[in-house]
Amino acid sequence: MQYRQWLPAAVFALAASTLNAQPTPGTPEALFAAARQEAGLDHAGTYRRICGVPDNRYGTPRRPPGTSAPPDRDTWYARPYRVFDNLYFIGTRFHSAWALTTSAGIVVIDSIFEYAVEAEMIDGLRALGLDPNDVRYMLISHAHGDHDQGAAIFQRRFGTQIVMGEADWESTLARTEYPGGVPKRDIGVGPGGLTLTLGDTTVDVIATPGHTPGTLSYVFDVYEDGRKLTVIYAGGTAFNFPPSARAFAIYRDSMVKSAERARAAGATVLMSNHTEFDRAWDRARIAQLRRLPGEPHPYETDVDTVVRYFDMSRDCAEAERLMRE
Ligand SMILES: [Zn+2]
15 MQYRQWLPAA VFALAASTLN AQPTPGTPEA LFAAARQEAG LDHAGTYRRI
65 CGVPDNRYGT PRRPPGTSAP PDRDTWYARP YRVFDNLYFI GTRFHSAWAL
115 TTSAGIVVID SIFEYAVEAE MIDGLRALGL DPNDVRYMLI SHAHGDHDQG
165 AAIFQRRFGT QIVMGEADWE STLARTEYPG GVPKRDIGVG PGGLTLTLGD
215 TTVDVIATPG HTPGTLSYVF DVYEDGRKLT VIYAGGTAFN FPPSARAFAI
265 YRDSMVKSAE RARAAGATVL MSNHTEFDRA WDRARIAQLR RLPGEPHPYE
315 TDVDTVVRYF DMSRDCAEAE RLMRE
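Count the sequence shown with the working numbering and you get residues 15 to 339, in order.
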């Protein structure tokens with residue numbers, strides 16, 4: 015009888031000590047745990063994707079293999095939306111493209127898969143009252159198909175200048191064929207970054223290598239009913255590069271740099287180029303609703319929340335680096 019009373023208490027004590035066990039500082043386990051704290055639910059999409067959470071693949075529609083048919087439009091099409099006074103969503107449910115309007119034309123940030131460029135970007139701009147012929151620059155965060163297949167289309171049809179990291183121009187120009195075509199070299203961005211000015215608007219282009227060697231991120235201002243908010247846009251996220259300790263160190267350092275730039279700029283809006291990372295499609299639609307007095311824009315957080323995004327990404331990358339040392 016005494017034994018039967020003792021046993022559940024012992025089992026409970028054992029379970030509690032396991033739950034409370036702290037991972038050894040500086041280990042991958044400790045970094046993953048820190049990243050989980052830093053992510054919270056604010057950055058759950060990116061945390062899930064890069065921090066070893068089960069079932070972390072997000073099914074994005076692609077052309078069926080061996081066919082030229084685009085995926086069924088009903089699986090990807092999203093309406094275009096004005097999200098800030100000077101920023102318009104022209105992406106799909108999965109991949110973001112944005113139009114930043116200025117006093118001297120439009121800067122488009124990222125393209126999407128070629129199959130969606132006409133419906134989302136070109137028709138989308140027109141539906142919003144914007145003219146694709148006014149697109150002066152297209153900033154390509156990195157040279158992967160889900161973000162760059164509209165570059166040559168805009169360059170050819172609208173005279174748009176394409177801005178890309180130097181290293182990603184190299185991989186781009188090495189292509190012989192590509193959906194939408196291979197763009198001609200326009201503006202390359204080196205490790206020191208670039209300040210791009212068009213009319214009254216400046217985009218601070220930051221070299222953040224890691225996801226690809228030429229990945230770019232951006233800092234720029236948006237306005238909500240005339241009130242200025244500063245955005246940091248993270249240009250490369252997933253860990254689908256050839257994995258090595260060195261590669262993860264480069265990625266980690268770019269996250270440290272991004273956190274510093276976000277804090278220095280006072281960024282309270284975190285954006286990215288997959289809707290799973292920043293919930294762009296949800297936020298774009300919620301932004302259409304009338305807000306109560308004092309209610310923040312759905313994209314507005316605070317500097318600490320934005321910085322936690324990069325701290326989380328840094329810690330996930332550092333954990334992966336340690337596991338390969
Ligand atoms: Zn990519």
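Glycine included, each C-beta is placed from N, C-alpha and C at the ideal position. Since the model is a prediction, treat every value here as computed from it, not as a measurement.
request  = Label residue 80 either buried or exposed according to how many other C-beta atoms from any shown protein chain fall within 10 Å of its C-beta, with 16 as the threshold for buried.
outcome  = One-based indexing of the sequence shown puts residue 80 at position 66. So residue 80 counts as exposed.
ask   = The alpha helix (DSSP H) with residue 317 in it runs from where to where?
value = In the sequence shown, counting from the first residue as 1, residue 317 sits at position 303. Note, residue 317: alpha helix (DSSP H), 317 to 336.
task = Flag residue 158 as yes when its Cβ comes closer than 6 Å to any non-hydrogen atom of ligand 1, and as no otherwise.
result = Locating residue 158 in the sequence shown gives position 144, where the first residue counts as 1. Yes - ligand 1 has a heavy atom lying nearer than 6 Å to the Cβ of residue 158.
key: Cutoff 6 Å; reference residue 177; Cβ partners in own chain excluding five residues on either side   = Sequence index remark: in the sequence shown, residue 177 carries index 163 (1-based). Excluding positions up to five away in sequence, the list reads 151, 153, 201.
key: For residue 117: DSSP bridge partner residues   = Taking the first residue of the sequence shown as 1, we reach residue 117 at position 103. Partner(s): none; residue 117 has no beta bridge.
inquiry  = Would residue 95 and residue 273 qualify as a contact pair, given that the criterion is a beta-carbon distance under 7 Å?
reply    = The residue given as residue 95 occupies position 81 in the sequence shown. The residue given as residue 273 occupies position 259 in the sequence shown. Contact: no.
inquiry  = Going by DSSP in three states, residue 179 sits in which element: helix, strand or coil?
reply    = Locating residue 179 in the sequence shown gives position 165, where the first residue counts as 1. DSSP places residue 179 in strand when its eight states are reduced to three.
task = Just the C-alpha distance for residue 194 and residue 140, rounded to the nearest angstrom, thanks.
result = The residue given as residue 194 occupies position 180 in the sequence shown. The residue given as residue 140 occupies position 126 in the sequence shown. So the two alpha carbons sit approximately 20 Å from each other.
request  = Helix, strand or coil for residue 290, going by three-state DSSP, please let me know.
outcome  = Counting from one through the sequence shown, the residue named residue 290 turns up at place 276. If DSSP states are grouped into helix, strand and coil, residue 290 belongs with the helices.
query = Since residue 221 is in the beta strand (DSSP E), which residue starts that stretch and which ends it?
reply = In the sequence shown, residue 221 corresponds to position 207, counting from 1. 215 to 221 is the span of the beta strand (DSSP E), which, as asked, contains residue 221.
task = Quick one: residues in its chain with C-beta nearer than 7 Å to the C-beta of residue 42, no 5 flanking neighbours on either side, listed in chain order?
result = For the purposes of this step, residue 42 is taken as the residue at position 28 of the sequence shown. Cβ within range, chain order: 333, 336, 337.
ask   = For residue 12, which option in 146, 285, 212 has the closest C-alpha, if you only look at C-alpha atoms?
value = No statement about residue 12 is possible, as the shown extent of the chain runs from 15 to 339 and does not include it.
key: residue 134 classed as buried or exposed, judged by whether at least 16 other C-beta atoms fall within 10 angstroms   = If you number the sequence shown from 1, residue 134 lands on position 120. Buried, since its Cβ has 16 or more Cβ neighbours within 10 Å.
Residue-level contact to chain D via CB, residue 193, 7 Å cutoff = Judged by its chain identifiers, the structure shown contains no chain D, having just a single protein chain.
query = Going by the CB atoms, is the gap between residue 161 and residue 214 shorter than 7 Å?
reply = For the purposes of this step, residue 214 is taken as the residue at position 200 of the sequence shown. For the purposes of this step, residue 161 is taken as the residue at position 147 of the sequence shown. No; because the gap between Cβ atoms is not below 7 Å, this pair is not in contact.
request  = May I ask whether a heavy atom of ligand 3 can be found less than 6 Å away from the beta carbon of residue 322?
outcome  = Of the ligands this structure carries, namely ligand 1, none is ligand 3.
query = Does the segment 287 to 294 come close enough to the segment 220 to 230 that 3 or more CB-CB pairs lie under 8 Å?
reply = no
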